[in-house]
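To start, the structure under review is shown below, and the notes come after it.
Numbering (the working numbering), first residue to last: 57 to 663.
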């Protein structure tokens with residue numbers, strides 16, 4: 057069933073729309089003799105309209121359509137505009153900027169180690185915990201899913217659709233199959249193994265994140281409908297993941313678990329408009345993809361960038377229907393704890409979210425109105441080079457200005473957009489922009505001039521919130537590399553994970569570059585768990601280091617090495633004492649024309 061623009065407006069004013077189905081037999085008791093299992097399914101870059109029941113005539117998603125018809129569906133579920141921030145909010149119940157996450161790569165996608173994660177709470181409650189698929193919450197020892205509360209985890213290699221690659225409980229695995237299918241298989245196997253005890257299964261698909269790729273028979277299905285290859289491939293990816301979600305849900309029926317398993321479905325952010333290989337969707341294709349007409353796309357704070365589907369299905373307990381109350385990703389953790397009857401759980405930091413369990417039974421008046429803060433996926437710091445991945449050192453933090461940021465605040469009536477991208481609505485002028493969502497859910501008319509006091513109060517509220525973020529030293533925190541984690545003798549430190557750079561250096565998504573001037577320096581936060589002497593290797597993607605000398609130091613110990621033109625070279629040995637410290641790399645000598653543009657890794661091996 058398509059959620060029309062008229063229905064969107066009606067649900068905003070009425071709060072809930074119930075389907076025309078019988079209402080008997082739905083229980084609010086969550087015991088059923090045992091606590092319910094939780095199956096959390098998440099897709100990647102799937103837009104609010106990327107399902108056929110929402111009006112997509114060019115797309116076939118029968119399994120998601122069926123799930124939607126069986127679920128409580130939230131039509132105003134707000135997420136972050138990109139993936140790692142959304143996932144940080146999901147796993148912690150806190151705004152992503154408070155968790156150390158401030159981007160999607162470049163060292164900004166590591167959830168601080170002192171955060172309490174959702175799987176830890178499930179484990180404390182006696183649940184088996186499993187995660188399968190995309191993990192974008194840390195890329196080194198201590199931050200992996202098997203280190204953070206999951207009994208069992210398959211971390212798929214990001215966007216490696218075929219052949220699939222990943223690590224199962226930290227052991228490398230490869231298969232000549234599509235990653236979407238492999239992720240499903242791991243989820244099904246976990247459900248089967250734990251059918252006799254409560255479990256929390258987090259199945260996290262890549263689809264339809266770029267690079268857009270799908271089995272050719274799926275692509276042909278949409279080419280035969282007259283779609284161009286790029287758009288056909290995108291549709292094929294959604295078609296593929298729909299089928300795999302259907303297979304995953306069928307496993308619950310097969311194991312007799314459907315009635316004691318709460319199924320939660322969501323995306324992580326809005327839809328992407330382009331693909332690196334297959335190009336940009338045309339205007340007509342974009343309109344086809346977004347029949348509801350919400351403005352924006354992934355990485356923007358406009359509605360379509362931060363709006364996600366959210367379904368809760370519990371057969372025999374939740375009556376299918378629509379709920380139009382504002383909820384956001386931070387609400388998922390406390391809601392899940394409420395659903396399993398874990399009322400005395402404790403987290404190391406205060407939550408931003410709240411349980412929305414009353415909404416699942418259409419009790420809409422028991423919670424106060426919600427407010428949601430939105431932030432661009434990187435911090436704006438003047439005109440600094442490599443700004444998206446700039447480490448937030450104390451000096452950089454001191455230069456962060458509120459007025460430079462792309463932020464937003466939403467309540468159940470208005471949204472205020474500060475410094476928004478102008479592409480989605482080029483005809484609207486002014487800054488900030490204010491939209492009255494009760495009358496204009498598609499954000500078409502700036503009403504800032506009509507409500508100056510509202511603009512003032514929301515701006516000041518946003519200013520105070522962001523001031524607290526910047527002053528919180530946990531915000532923007534670079535990773536702490538765990539040296540000798542669980543006795544490991546080899547440590548891989550990604551070069552982009554630096555906490556401070558100086559000189560000419562420019563940090564990037566997967567490397568640290570522009571090493572060329574004497575004094576160029578990068579530092580890294582180490583927590584040495586296994587002290588001893590370590591061999592240090594430097595890995596780069598380019599071999600233009602002839603004539604360079606670099607100093608590698610930790611504490612008072614240092615070595616200086618003249619580099620050779622190789623992409624992997626041993627630079628010497630250092631002794632690392634137990635405890636926390638700073639590891640430093642500094643360029644001490646160089647030719648005029650030598651430059652390292654892609655330093656990728658520092659590898660330590662305990663001798």
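Even glycine gets a Cβ: it sits at the ideal position worked out from N, Cα and C.
Note that the structure is a prediction, hence the values are computed from the model and not measured.
- Residue 224 is positioned such that its CB atom lies closer than 7 Å to that of residue 210.
- Excluding the 5 residues flanking it on each side, residue 139 has same chain C-beta neighbours closer than 7 Å at 100, 160, 192, 324 and 325, in chain order.
- For residue 640, the enclosing beta strand (DSSP E) has its first and last residue at 635–645.
- Under the rule that a run must span 3 or more residues, the beta strand (DSSP E) segments found entirely inside the segment 399–457 read 428–431.
- With 16 or more other CB atoms across the displayed protein chains lying within 10 angstroms of its CB, residue 435 is buried.
- Shown here, residue 344 sits in a helix according to DSSP, grouped into three states.
- Its Cα nearest to that of residue 262, the residue 327 stands out among 394, 327 and 445.
- The continuous stretches of alpha helix (DSSP H) do not include residue 396, and DSSP gives it neither H nor E.
- Distances from the alpha-carbon of residue 661 to those of 155, 618 and 594 put 594 closest.
- Per the C-alpha coordinates, the member of 432, 424 and 512 positioned closest to residue 476 is 432.
- With contact defined as three or more Cβ pairs closer than 8 Å, the segment 117–129 and the segment 288–306 are in contact.
- With a contact defined as Cβ atoms closer than 8 Å, residue 575 and residue 643 qualify at about 7 Å.
- Assignment of residue 353 by DSSP, reduced to helix, strand and coil, places it in the coil class.
- Of 452, 260 and 438, the smallest CA-CA separation from residue 533 is found for 452.
- Inclusion of residue 597 and residue 659 in the CB contact set at 7 Å is not warranted, their separation being larger than that value.
- A direct Cα-to-Cα measurement between residue 274 and residue 114 gives close to 13 Å.
- Contact between residue 147 and residue 169 does not hold, since their C-beta atoms are separated by about 13 Å, which reaches or exceeds 8 Å.
- The Cβ-Cβ distance between residue 538 and residue 226 does not fall below 7 Å.
- Sequence-distant partners of residue 468 (beyond 5 residues in either direction) whose C-beta falls short of 6 Å from its own C-beta, in its chain, are 382 and 425.
- Put simply, the backbone Cα of residue 504 is about 40 Å away from that of residue 293.
- For residue 521, the uninterrupted alpha helix (DSSP H) segment begins and ends at 508–527.
- With 16 or more other Cβ atoms inside 10 Å of its own Cβ, residue 610 counts as buried.
- Cβ contact annotation for residue 398 (same chain, cutoff 6 Å, sequence separation greater than five): 181, in chain order.
- In this chain, the beta strand (DSSP E) harbouring residue 220 covers 220–224.
- In this structure, DSSP gives residue 474 an extended state, which the three-state scheme calls strand.
- Within the same chain, and ignoring the five residues on either side of residue 320 in sequence, the residues whose Cβ sits closer than 6 Å to its Cβ are 96 and 368.
- When Cβ pairs closer than 8 Å are counted between the two stretches, the segment 518–528 is seen not to touch the segment 373–381, the count staying below three.
- Annotation for residue 541: 197, 198 and 585 place their beta carbon closer than 7 Å to its own, counting only its chain and skipping 5 residues before and after.
- Inside the segment 142–230, DSSP marks whole beta strand (DSSP E) runs of 3 or more residues at positions 184–189, 208–212 and 220–224, from first to last along the chain.
- In this structure, DSSP gives residue 282 a state outside helix and strand, which the three-state scheme calls coil.
- By a beta-carbon distance limit of 8 Å, residue 345 contacts residue 103. Their separation comes to about 7 Å.
- Annotated as proximal: residue 579 and residue 555, with beta-carbon spacing under 7 Å.
- Ranking 243, 630 and 127 by CA distance to the CA of residue 366 puts 127 first.
- Residue 411 is a Cβ neighbour of residue 391, given a cutoff of 7 Å.
- In the three-state scheme derived from DSSP, where H, G and I count as helix and E and B as strand, residue 658 is classed as strand.
- In this structure residue 528 is in contact with residue 154, their Cβ atoms being roughly 6 Å apart against a cut-off of 8 Å.
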